Amino acid sequence: MLTCREMSELGSDIIEGDLRLSTRWAVFMHLRACPLCKMYVKQLKLTSEVLQQLPLNTTAVDSAAILKKLQERDN
Ligand SMILES: [Zn+2]
Numbered sequence: 000m001l002t003c004r005e006m007s008e009l010g011s012d013i014i015e016g017d018l019r020l021s022t023r024w025a026v027f028m029h030l031r032a033c034p035l036c037k038m039y040v041k042q043l044k045l046t047s048e049v050l051q052q053l054p055l056n057t058t059a060v061d062s063a064a065i066l067k068k069l070q071e072r073d074n
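When we follow numbering that gives the first Met the number 0, the leftmost residue of the sequence shown carries the number 0, and every step to the right adds one.
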């Protein structure tokens, strides 16, 4: 079983689907049991989708703009 700390370290790999099958399974099992990490991954996914939509270099992204986009999605 993965710990929450390990989940947060895997964050971007989870989003990119860049995981070995055994790791993916461990992540899946953890998400079933842990609402906090489920929320965390959901937020990460939303953020990465928004980042892909922005016509900016991701290194120059304004975090306020990302938050605004996320809030617009929730409405
Ligand atoms: Zn967790």
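No residue lacks a Cβ here, since even glycine has one placed at the ideal position from N, Cα and C. The structure presented is a predicted model; accordingly, all values stated were derived computationally and were not measured.
Check	Outcome
Looking at valine 26: is its Cβ nearer than 8 Å to the Cβ of methionine 6?	yes
Check whether the Cβ atoms of aspartate 12 and leucine 20 sit closer than 8 Å, and answer yes or no.	no
Can you tell which of Arg23, Thr22 and Gln70 has the C-alpha that lies nearest to the C-alpha of valine 49?	Gln70
Excluding sequence positions up to five away, which residues of its chain have a Cβ less than 7 Å from the Cβ of histidine 29?	Met0, Leu1, Met6 and Cys36
Assign glycine 16 to one of three DSSP states: helix, strand, or coil.	coil
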